[in-house]
């Protein structure tokens, strides 16, 4: 079974390109050219040089000794948080800005939730001297203020999306409207494996450097790869080169928010059903009559009502296991990593870390967690919750692993 996109732009029954007629020339121009461009020696020479000397690749694969001791297994962290701009998003924006230049585009638009993709887009636009407009939900602008300031300092115009839930979905809607009105000179840098074909495949290819490096650095395949999923770009990159090896267990962690059945969640695979959003068929949180259900997560990068079609197919085929973590579980995982390893993760990445509490990996197994971003942007939320630890996870003391640790007198 193939888990890659087919010639029609589909992953099984998901994917495709469901777009307004006015966008057809833009999407078709990209579809006809992206593989030729990225396979050329000229593109690869510049792209690989930028990844290495500008973004900071390869990122370390760090053995987390104290975290491994706590969970009685071997845990490695893929340090995408150490990249320039602070997240994996730069891998994709560097690739897309080179494609945009090749196609003769002079204006760049983007959407962003947590601001990580917005900062990465503003960065590459500054690097290449292109106009940059970033759409961002009004709610996200408020809770991710440091990244908004970074985008503006880099020369980008940040446009608030004021409709709907005023978060990532609405920012994407605004970006698509802009693209429809500016079809000739504008390239839309989509930040995740969502949107019409060829975006999901193109973004996954640019992010596949993550799993390529994991294989090279580990010198063997891991038993588990764990990554958070909103749209799913970091997970697609972390899974990409392991898709055909069924022995590698792929675990995608969605945001359960205040609880799966609380009415405040973004767990698309549990709560969603097949539907169309932002140009592709995928799993989507929607009412019986097809209206989108507003998602919720404490993490701005995960509160999206859909997911990339590659992930919808991995879910349907069972190749990837989908689980979820609540706001509280993610917060406690972040505090734990900070205390044990001296690393403050992004709230998005903290959802992936939270699953370690439930993994039950064996002592001789190898677990890789993709640390997709750093937590500087989330400090206001971490500070706000620091003195209110969850009653269910007080520093792990009443968890399965915490109880075992206390029994051995460790501290």
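Numbering (the numbering used here), first residue to last: 2 to 412. Glycine included, every Cβ here is placed at the ideal spot set by N, Cα and C. Being a predicted model, the structure only gives us computed values, none of them experimental.
Do you know offhand how far residue i's Cα is from residue j's?
i, j, result
"residue 417", "residue 13", "Given a span of 2 to 412 for the chain in the structure shown, any question on residue 417 remains unanswerable."
"residue 1", "residue 77", "With the chain running from 2 to 412 in the structure shown, residue 1 is simply not present."
"residue 256", "residue 300", "8 angstroms"
"residue 40", "residue 32", "14 angstroms"
"residue 117", "residue 385", "21 angstroms"
"residue 222", "residue 251", "12 angstroms"
"residue 38", "residue 48", "11 angstroms"
"residue 339", "residue 199", "38 angstroms"
"residue 157", "residue 362", "44 angstroms"
"residue 105", "residue 133", "15 angstroms"
"residue 367", "residue 258", "28 angstroms"
"residue 333", "residue 9", "43 angstroms"
"residue 96", "residue 109", "13 angstroms"
"residue 388", "residue 328", "15 angstroms"
Are the beta-carbon atoms of residue i and residue j separated by less than 7 angstroms?
i, j, result
"residue 137", "residue 172", "yes"
"residue 90", "residue 192", "yes"
"residue 302", "residue 114", "yes"
"residue 381", "residue 370", "no"
"residue 194", "residue 205", "yes"
"residue 51", "residue 58", "no"
"residue 434", "residue 218", "This structure cannot settle anything about residue 434, because the visible part of the chain is limited to 2 through 412."
"residue 281", "residue 16", "yes"
"residue 140", "residue 170", "no"
"residue 298", "residue 326", "no"
"residue 254", "residue 239", "no"
"residue 373", "residue 81", "yes"
"residue 155", "residue 121", "no"
"residue 84", "residue 56", "yes"
"residue 291", "residue 284", "no"
"residue 294", "residue 287", "yes"
"residue 359", "residue 148", "no"
"residue 305", "residue 232", "yes"
"residue 242", "residue 212", "yes"
Within a Cβ cutoff of 6 angstroms, which residues of the same chain sit near residue i, ignoring the five residues on either side of it in sequence?
i, result
"residue 101", "188"
"residue 236", "228, 230 and 253"
"residue 346", "335, 338, 372 and 376"
Looking only at its chain, what residues have a beta carbon closer than 8 angstroms to the beta carbon of residue i, apart from the 5 residues adjacent to it on each side?
i, result
"residue 4", "12, 244, 245, 311, 314, 315, 318 and 320"
"residue 184", "23, 24, 26 and 27"
"residue 341", "65, 67, 68 and 71"
"residue 160", "134, 135, 136, 137 and 175"
Spell out whether any CB of chain B is found under 7 angstroms from the CB atom of residue i.
i, result
"residue 361", "No chain B appears in the structure shown, which is made up of a single protein chain."
Taking DSSP's pairing of strands, which residues face residue i in a bridge?
i, result
"residue 64", "77"
"residue 251", "226 and 321"
"residue 375", "346"
"residue 293", "287"
"residue 4", "Beta-bridge pairing links residue 4 to no other residue."
"residue 161", "137"
"residue 258", "327"
"residue 88", "374"
"residue 367", "75"
"residue 281", "278"
"residue 132", "108"
"residue 307", "285"
Does DSSP put residue i in a helix, a strand or coil?
i, result
"residue 166", "coil"
"residue 153", "helix"
"residue 37", "helix"
"residue 312", "helix"
"residue 15", "strand"
"residue 268", "coil"
"residue 286", "coil"
"residue 212", "helix"
"residue 106", "coil"
"residue 275", "strand"
"residue 238", "helix"
"residue 221", "coil"
"residue 188", "strand"
"residue 195", "coil"
"residue 112", "strand"
"residue 263", "coil"
"residue 300", "coil"
"residue 409", "Low local confidence applies: a pLDDT of 31 at residue 409 is under 50, so the model's placement there is unreliable, with the coordinate-based value given in what follows. Residue state, collapsed to three classes: coil."
"residue 393", "Residue confidence for residue 393 is low, a pLDDT of 40 falling below 50, so the modelled location carries little weight and cannot support an answer."
"residue 177", "helix"
Report yes if the C-beta of residue i is less than 6 angstroms from at least one heavy atom of the ligand ATP; otherwise report no.
i, result
"residue 19", "The model on display carries no ligand, and the ligand ATP is accordingly not part of it."
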